[in-house]
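Input: a single structure, listed below in structure tokens.
2 protein chains.
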Amino acid sequence: MNQEWIVIDGLQYSNWSREIFDQMRLGGVNAVHVTVAYHENTRETLTRLGEWNQRFETDGDLIRPVFQPEDIVTAKAEGRVGIIFGAQNCSPIEDEIQLIGVLRRLGLMIMQLTYNNQSLLGAGCYESEDGGITRFGRQVIREMNRVGMLIDMSHSAERSTLEAIDFSEQPVIISHANPSEFRPALRNKSNKVLDAVAQSEGLLGFSLYPFHLKNGPDCSLEDFCDMVAWTAERMGIERIGLGSDLCQSQPQAVLEWMRNGRWSKQMDYGEGSASDSGWPDALSWFQDNRDFKGIADALSRKGFNDHELGLIMGGNWLNVLSRAATSSFETSNESGSA
Amino acid sequence: MNQEWIVIDGLQYSNWSREIFDQMRLGGVNAVHVTVAYHENTRETLTRLGEWNQRFETDGDLIRPVFQPEDIVTAKAEGRVGIIFGAQNCSPIEDEIQLIGVLRRLGLMIMQLTYNNQSLLGAGCYESEDGGITRFGRQVIREMNRVGMLIDMSHSAERSTLEAIDFSEQPVIISHANPSEFRPALRNKSNKVLDAVAQSEGLLGFSLYPFHLKNGPDCSLEDFCDMVAWTAERMGIERIGLGSDLCQSQPQAVLEWMRNGRWSKQMDYGEGSASDSGWPDALSWFQDNRDFKGIADALSRKGFNDHELGLIMGGNWLNVLSRAATSSFETSNESGSA
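Protein chains in written order, with this note's numbering: chain A, 204 to 541; chain B, 204 to 541.
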């Protein structure tokens with residue numbers, strides 16, 4: 204890959220280990236958006252952040268925290284991987300508006316307003332009813348805009364997503380999902396949503412989770428590149444990136460936690476089913492972080508030029524994060540003394 | 204007061220308002236160490252920090268957060284008052300070592316290991332037994348040293364205090380208390396403790412809480428200056444500062460929360476008593492933040508020169524905070540990129 208590119212993967216939730224961090228470096232990945240909460244409440248989210256602090260201490264030669272987008276550039280210069288914290292749900296803020304700023308200070312740069320189910324803020328993509336953004340949700344969107352936290356609607360229902368985009372004064376992203384055009388999964392996005400995200404100057408991160416792809420685990424790299432090309436045409440080259448949804452080495456129990464949290468006594472299968480309840484088989488061409496180069500090469504063969512590839516592989520992610528983080532909220536001694 | 208001085212009050216827990224912040228500015232105070240937790244657990248502490256974020260938003264022309272000691276200098280330059288967060292108890296970290304780093308990132312620069320009672324870390328000053336620093340306590344001291352959080356033993360028992368000083372690799376402070384020599388309150392400190400704090404290159408912040416002073420509310424400004432002069436002689440001019448313990452406009456319910464938290468069904472009276480259970484009358488010469496100038500003037504008459512007064516009024520506080528904060532712990536994008 205071109206050494207000038209900033210390579211960012213817009214969603215991973217792996218069973219973190221030194222081996223995985225090393226694979227990130229070997230794969231030329233400069234930063235990864237990692238999930239710190241699915242259903243965790245405020246207190247539990249702090250434990251997750253504490254676990255990351257332990258990793259920064261133990262594996263500080265390989266990874267570093269990202270508090271501001273500039274830290275991604277620093278990470279690349281240092282030869283470390285920047286870790287961007289995000290939540291896949293609004294559970295970390297519970298019912299308290301001021302916790303958005305508190306969590307932003309702790310480095311939470313991205314938050315989804317809902318995860319599959321109805322939340323206090325809006326509807327998730329598996330609900331049969333979608334009443335749109337709630338009263339609290341509107342307050343939260345305004346506050347996320349203010350403190351520089353990026354709004355992610357990956358697991359949200361359509362009306363809620365469109366209303367969030369409409370109400371937000373900042374770009375809204377889909378960190379990890381694909382166009383429904385290529386697989387009509389509940390988690391994938393309609394053309395209407397794609398157009399609205401593009402209009403907001405947000406971003407769609409292409410998912411490599413097999414259940415989000417045409418032909419599932421049998422999706423070919425060429426199929427994937429076709430999807431990228433189609434979406435680039437529809438949304439614009441500056442509105443797309445990667446959001447692999449890589450969940451490397453995670454046991455079944457973690458998949459069940461993601462899907463069921465503490466909310467159900469019956470098993471929920473997400474995009475899977477009772478007869479296909481486990482992790483899908485990995486794609487042959489994307490097993491771990493070392494495989495990003497193969498994707499870039501295939502996109503190059505598809506006809507994207509070097510500048511366009513730089514945007515897709517991470518440049519667009521850096522731009523949208525930088526734009527969201529432009530805020531007067533004091534997240535450190537430096538940013539406050541302007 | 205000399206405009207070159209950095210003026211820092213080492214402990215206040217007032218009923219915060221715009222009026223009080225304005226009095227701080229009028230009094231020439233550049234930074235104040237404010238209490239964010241007495242008995243609050245982790246989750247509740249975040250609510251307290253969220254309340255401060257609201258104040259920074261509403262009264263941002265008067266106050267600013269302090270994440271690093273340099274922010275105090277910035278606050279002075281801006282004509283704002285720097286707010287230094289501290290906890291009077293270890294309740295905010297519950298039983299979790301990694302929460303020290305998490306709270307440090309949120310700006311918690313100072314933490315007491317105990318508040319009056321036995322804690323998970325050591326014994327408080329009202330316990331009849333003092334078994335010293337616990338197993339967890341030793342881990343916490345090491346971690347506070349590592350992340351740059353200052354150890355405060357104001358409300359701790361003697362053996363625990365001496366062991367903390369012995370075990371810590373950084374200076375240990377008493378943010379607000381006085382020498383027992385001047386009033387033998389359980390909250391005041393023996394010569395042995397004063398000497399150990401001085402030896403650790405820590406600091407004693409003189410309390411203006413009447414129950415900590417000779418003659419209580421009738422303590423004269425001259426009595427106070429005598430105490431300062433005696434302590435400067437014993438501990439050294441670089442080891443003393445102010446820690447007023449000002450609790451302006453607080454109702455009786457707050458005093459009871461401080462003393463009783465949730466741990467007792469019987470009323471505990473702290474340094475008061477059943478017949479004297481309320482807030483003590485304020486000193487005639489220290490009613491609010493506008494009275495620091497009078498103290499500096501009296502100390503000047505007592506014979507302290509300008510340089511010495513600068514140290515007492517805040518220079519020593521800035522030095523000890525700066526020393527504690529010297530750490531490799533990444534608290535922001537800037538400090539991490541060294």
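Beta carbons: idealized from backbone N, C-alpha and C, even for Gly.
_Nearest-angstrom beta carbon gap, N218(B) and Q453(B) [assumed within contact, 8 Å]_ = 5 Å
*Secondary structure at H415(A), three-state DSSP: helix, strand or coil?*
helix
_So that I know if they touch, is there some Cβ in chain A lying closer than 7 Å to that of T245(B)?_
yes
*Label D160(A) either buried or exposed according to how many other C-beta atoms from any shown protein chain fall within 10 Å of its C-beta, with 16 as the threshold for buried.*
Any property of residue 160(A) remains undetermined from this structure, which presents chain A solely from 204 to 541.
*Between the stretch 410–419 of chain B and the stretch 484–501 of chain B, do three or more beta carbon pairs fall short of 8 Å?*
yes
*Have a look at A432(A), M356(A), P387(A) and N205(A) and flag the residue whose alpha-carbon is nearest the alpha-carbon of A290(A).*
M356(A)
*Where DSSP assigns a beta bridge to M352(B), which residues make up the other side?*
Bridge partners of M352(B): none, in fact.
*Would you check if the distance between the CB atom of H415(B) and the CB atom of A388(B) is smaller than 7 Å?*
yes
*If you count every other CB in all the chains shown that lies within 10 Å of the CB of N394(B), and 16 or more means buried, which is it?*
exposed
_Candidates M347(B), N463(B) and F288(B), of which the one nearest I300(B) by Cα_ = M347(B)
*Using DSSP with H/G/I as helix, E/B as strand and the rest coil, what is K468(B)?*
coil
*Applying the criterion that 16 or more other CB atoms from any shown protein chain within 10 Å of the CB defines a buried residue, is T238(B) buried or exposed?*
buried
*Which word fits S538(A), buried or exposed, when buried means at least 16 other C-beta atoms lie within 10 angstroms of its C-beta?*
Its pLDDT being 38, under 50, S538(A) is placed unreliably by the model, and the measurement read from it follows with that caveat. Burial call: buried.
*asked:* Measuring alpha carbon to alpha carbon, tell me which residue in G473(B), N244(B) and L353(B) is nearest I296(B).
replied: N244(B)
_For chain B, check one thing: does any of its Cβ atoms lie closer than 7 Å to the Cβ of S305(A)?_
Inspection of the sequence shows that residue 305(A) is occupied by Val rather than by Ser. Yes, because at least one Cβ of chain B sits closer than 7 Å to the Cβ of V305(A).
*Rounded to the nearest angstrom, how far is the Cβ of L324(A) from that of L316(A), given a contact under 8 Å?*
4 Å
_Given this structure, state the Cα-to-Cα distance separating G446(A) from S476(A), to the nearest angstrom._
23 Å
*asked:* Give me the chain A residues within the contact set of Q490(B), using Cβ-Cβ distance strictly less than 8 Å, ordered along the chain.
replied: Result: empty, since nearest Cβ-Cβ is about 31 Å, beyond 8 Å.
_Taking 7 Å as the threshold (beta carbon to beta carbon), is Q301(B) in contact with chain A?_
yes
*Using a beta-carbon distance below 7 Å, is G253(B) in contact with chain A?*
yes
*Could you check what DSSP says for A541(A) in three-state terms: helix, strand or coil?*
For A541(A), the predicted structure reports a pLDDT of 31, less than 50, and the residue's modelled location is therefore unreliable. A value from the coordinates is still provided. Reduced to three states, the DSSP call for A541(A) is coil.
*To the nearest angstrom, report how far apart R504(B) and Q451(B) are at their CA atoms.*
28 Å
*Under the three-state reduction of DSSP, which class applies to V431(B): helix, strand or coil?*
helix
*Same chain only: Cβ atoms within 8 Å of N536(B), ignoring 5 sequence neighbours per side*: In this prediction, N536(B) scores a pLDDT of 41, lower than 50, which makes its location untrustworthy; no coordinate-derived value is stated.
*In three-state DSSP terms, what is N371(A)?*
For clarity, residue 371(A) is Ser in the given sequence; the question names Asn instead. In the structure shown, S371(A) sits in coil (DSSP, three-state: anything other than H, G, I, E or B).
_Can you pull out the residues from the stretch 415–445 of chain A whose beta carbon lies closer than 8 Å to at least one beta carbon of chain B?_
none
_Run through chain A and tell me which residues come within less than 9 Å of L309(B), C-beta to C-beta._
V305, R308 and L309
*For T261(B), count neighbouring C-beta atoms within 10 Å of its own C-beta (all shown protein chains included) and say buried if the count is 16 or more, exposed if not.*
exposed
*asked:* Going by DSSP in three states, Q177(A) sits in which element: helix, strand or coil?
replied: Because chain A is modelled from 204 through 541, residue 177(A) falls outside the range shown and cannot be assessed.
*asked:* I want to see whether chain B comes within less than 7 Å of N522(A), judged by CB atoms only; does it?
replied: no
_For H510(B), report the span of its alpha helix (DSSP H) as first-last._
D509 to G513
_At the 7 Å Cβ level, is N256(A) part of the contact set with chain B, yes or no?_
yes
_Suppose you measure from the CA of E207(B) to the CA of V431(B); what does that come to, to the nearest Å?_
22 Å
*Would you please state the rounded distance, in angstroms, between the beta carbons of M461(A) and Y241(A)? I believe it to be under 8 Å.*
5 Å
*Alpha carbon to alpha carbon, what distance is there between M312(B) and R228(A)?*
34 Å
*Cα-Cα separation, C328(A) to S294(B)*: 39 Å
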